[in-house]
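The numbers in the sequence shown follow my numbering, run straight up by one, and end at 616. In this text, a Cβ means the ideal position worked out from N, Cα and C, and glycines have one as well.
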Amino acid sequence: MIDTNRLDDILSRVSKPARYTGGELGEIKKDIHTGMTRFAFCFPDVYEVGMSHLGTSILYHLLNTLPDVYAERCFAPWPDMEQALREAGLPLYSLETKTPLSEFDILGFSLSYEMSYTNVLSMLALAGMPLRAADRGEGFPLVIAGGGCTVNPEPVADFFDLFVIGEGEEVLVELIELYRQHKQAGMNRPAFLRAAAGIEGIYVPSLYDVTYNADGTVAAYTPKGNAPAAVRKRIVTDFDASFYPTSPIVPYLGVVHDRVTVEVMRGCTRGCRFCQAGFICRPVRERSADTLIRQAQEAVKNTGHEEVSMCSLSTGDYSEIGRLVCTLSDAFAGSGVSLAVPSLRLDSFEGEYAAKLREVRNTGLTFAPEAGTQRLRDIINKNITEDDIFRAAREAFEAGQNSMKLYFMIGLPDETMEDVLGIADLAARLRDIYYQVPKEKRGPGFKLTVSVACFVPKPHTPFQWAAQDSLEALAEKQRRLKDALRPVKGVKYNYHDARTSFLEAVFARGDRRLSAVLEAAYKAGCRFDSWLEMFDFDKWQAAFAAAGIDPGFYAARERQYSETLPWDIIDIGVDKSYLWREKQRSEQAATTPDCRQGCTGCGLTKAGLCP
């Protein structure tokens, strides 16, 4: 345990000290005893972001149901806290017991965004640990990672002992049990890692040699010993019965998602060609409405939260969405508890949802048309029409809604400036529809938020081979769209920094050679790179130059089907040949139907992952 007197002195001098204290309602305290496996969940962003992460909450409470396992939490310290810890000579510690991270058995990092990678290195350094796995011997904790970014773990492979690929509820328990067995036997780290590689869903990068071609592309992955040729992701098959915490920790601070979150389903059948989550999270599995209603009511009772959010990739596709919304709206009516139903599909929206949501505190509606023209929506396989968009908007406005948020992307494959300006045209027509609704029906004051991201080609999607737009092209599209939206009253326009999207593409599609760039960027002071006020593109450019690496090789280069991709070592169950066929169909603007209408042959059924 660290010196709490010195810690108290530090906390009196840093911003938002509640980030670093622990002791919240719902925090789990255990008596520590010999033989206990101690696990630290390390989230590489601030407390307010990490405490909003449902996956971490689920696994934290799940592991703490195990009698001889104690899971604690640690978040990336803001730069003022990092500096204070260094000046005081104090290590990074867990919130629950103030134990230095270096004294844990396992450090588990959640990798949900590529721009958090330098924070991982910062946290390891603050823990007093070597950054690279090869430099950590038996006396150091095992350093592992899970989360969405691990479907291409290669850019950070040198820093981790192993990765959990896919959903963690079952495989993490199996891994900890194997760790306990090896620890009781004397713990030989290389022997443990070889055994861990035999668990489905575990990738041990040190058990693979990587070679490269003269042009810089990957030549081959060669497994050592009995390591599998490719690592198959893990999924939870009985999702309705899977663990969900109804007494989650209640944060001290206002966090990003300060609410109860119920996970209605996993996976998506739509097949949007840009959407990594839609492919890596297949197949679709649902919780029953009865289960979700019980979970929501228990969690509100136990936490006092005033909002319930329904979490999934496409909530409108949930088979019992009407019953779920109506039942929870009735249950919470008059209580001050609001319902949020994000990720709605425009073609599955019903005005009844909007009317019911108006009965509780209104949180507005969120839709994602993604593109401004039908041609481009067909290319990306969005499978919605303008009629779907305008029908959903009219029904929402007639139900009393006045606030709506729309998500789009620019820089999509085969995009033209006409497609970009189509976003402004769509916004103007939605405003017209609002004013066509009788005044006594619609809510007061038209409010439309147009949020526009830059397309990032992601692994395990049909667009994984595509080149990303140049920074200059993206900047021009952003400027033209801003000018086109300016005359549309009631519209708020948000757009992403194209430079962070560029780096996201580099690390999304990168290989192990990028570890040198990450280390150089960390040493140059890069931290919290997803935060606009912290992002320093010049330092990143210097880091690439120091490592002798051209970032455009990863972000701006069109790939061929014959190329071995860095993430081919990871098997998500969807055939690479299927993704290529989908890419070819996109070039013809040919759509592929929702696979609930009939199997489209993605490979999951053949792999035994889809019923």
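> Nearest-angstrom Cα distance between Phe-80 and Pro-105?
Replying inline: 13 Å
> Taking the alpha-carbon positions, what's the Val-365 to Leu-147 distance?
Replying inline: Only weak support exists for where Val-365 lies, its pLDDT of 49 falling under 50; the coordinates are left without a value.
> Thinking just about the alpha-carbon of each residue, which of Glu-325, Gly-276, Pro-288 and Val-305 is nearest to the one in Ala-294?
Replying inline: Nearest of Glu-325, Gly-276, Pro-288 and Val-305 to Ala-294, Cα basis: Glu-325.
> Under a Cβ-count criterion, where at least 16 other Cβ atoms within 10 Å of its own Cβ denotes burial, should Lys-444 be classed as buried or exposed?
Replying inline: exposed
> Looking only at its own chain, which residues have a Cβ that is under 7 Å from the Cβ of Arg-601, when we skip the five neighbours before and after it?
Replying inline: Thr-274
> Below 8 Å, can you find three or more Cβ-Cβ pairs linking the stretch 202-209 to the stretch 545-564?
Replying inline: no
> Is the CB-CB distance between Ser-343 and Glu-303 below 8 Å?
Replying inline: No, they are not a contact pair.
>> Could you compute how far the alpha carbon of Cys-47 sits from the alpha carbon of Pro-250?
In response: If you take the alpha carbons of Cys-47 and Pro-250, they lie about 19 Å apart.
> Terminal residues of the continuous alpha helix (DSSP H) containing Phe-197?
Replying inline: Unbroken alpha helix (DSSP H) run through Phe-197: 194-201.
> When we look at the beta-carbon of Lys-611 and count the other beta-carbons within 10 Å, is it buried (16 or more) or exposed?
Replying inline: exposed
>> Taking 7 Å as the limit between beta carbons, can you name the residues of its chain near Gln-300, skipping five residues before and five after?
In response: Tyr-249, Thr-251 and Val-267
> Leaving out the 5 sequence neighbours to the left and right, which residues in its chain are closer than 7 Å to Gly-603 when beta-carbon positions are compared?
Replying inline: none
> Ordered along the chain, which non-local residues of its own chain (more than five positions away) have a Cβ less than 6 Å from that of Val-313?
Replying inline: Val-265, Ala-301 and Leu-344
>> If we require 4 or more residues per run, which alpha helix (DSSP H) segments fall completely within the stretch 46-118?
In response: If we require 4 residues or more, the alpha helix (DSSP H) runs fully inside the stretch 46-118 come out as 52-55, 59-68 and 84-93.
> Starting from Phe-244 and walking both ways along the alpha helix (DSSP H), at which residues does that stretch end?
Replying inline: Phe-244 -> no alpha helix (DSSP H), and no H or E assigned at all.
> Candidates Val-461, Gly-272, Val-425 and Asp-335: which alpha carbon is nearest Thr-320's?
Replying inline: Closest by alpha carbon: Gly-272.
>> Give the list of continuous beta strand (DSSP E) stretches no shorter than 3 residues that lie fully inside the stretch 242-285.
In response: With a minimum length of 3 residues, the continuous beta strand (DSSP E) runs that stay inside the stretch 242-285 are 265-268.
>> Relative to the C-alpha of Glu-291, which candidate in Asp-245, Gly-427 and Gly-283 has its C-alpha closest?
In response: Asp-245
> Looking at C-alpha atoms only, which residue of Glu-77, Val-51 and Tyr-25 is the closest neighbour of Thr-42?
Replying inline: Here the closest residue by C-alpha is Glu-77.
>> Considering only the alpha carbon of each residue, which of Ala-232, His-66 and Ala-471 lies closest to Phe-197?
In response: Phe-197 has its Cα closest to that of Ala-232, out of Ala-232, His-66 and Ala-471.
> To the nearest angstrom, how far is it from the Cα of Ser-115 to the Cα of Thr-61?
Replying inline: Cα to Cα, Ser-115 sits roughly 7 Å from Thr-61.
>> Do Asp-576 and Ala-235 have their beta-carbon atoms positioned less than 8 Å apart in this structure?
In response: Judged by their CB atoms, Ala-235 and Asp-576 are nearer to each other than the 8 Å cut-off.
> Taking the C-alpha atoms as reference points, what is the distance between Leu-131 and Tyr-98?
Replying inline: 9 Å
>> Does the stretch 403-423 come into contact with the stretch 477-484, if we say contact requires no fewer than three beta-carbon pairs (one atom in each stretch) closer than 8 Å?
In response: yes
> According to DSSP, what are the bridge partners of Asp-576?
Replying inline: Arg-237
>> For Ile-438, tell me which candidate among Met-409, Leu-258, Gly-448 and Phe-402 has the shortest Cα-Cα distance.
In response: Phe-402
> Which ranges does the alpha helix (DSSP H) cover as unbroken runs of at least 4 residues, wholly within the stretch 422-507, from first to last along the chain?
Replying inline: 422-441 and 476-490
> To the nearest angstrom, how far is it from the Cα of Val-493 to the Cα of Gly-377?
Replying inline: In a straight line, the C-alpha of Val-493 is about 15 Å away from that of Gly-377.
> Rounded C-beta distance between Ile-181 and Glu-32? I'm assuming under 8 Å.
Replying inline: Not really, about 20 Å apart at Cβ, beyond 8 Å.
> CB Met-315 to CB Val-346, shorter than 8 Å?
Replying inline: It is a contact, given that the beta carbons lie within the stated cut-off.
>> Looking at the secondary structure, which residues open and close the beta strand (DSSP E) in which Lys-410 lies?
In response: 408-415
>> According to DSSP, Ile-385 sits in a beta bridge with which residue or residues?
In response: Beta-bridge annotation (DSSP): Ile-385 is not paired with any residue.
>> If I measure Cβ to Cβ from Ser-247 and keep anything under 7 Å in the same chain, skipping five residues before and after, which residues do I get?
In response: Glu-174 and Val-241
>> Using a Cβ-Cβ cutoff of less than 6 Å, which residues in the same chain neighbour Arg-514 once the five nearest sequence positions on both sides are dropped?
In response: Taken in chain order, the residues that qualify are Tyr-559.
> Mind checking whether Phe-512 and Val-455 have CB atoms under 8 Å apart?
Replying inline: no
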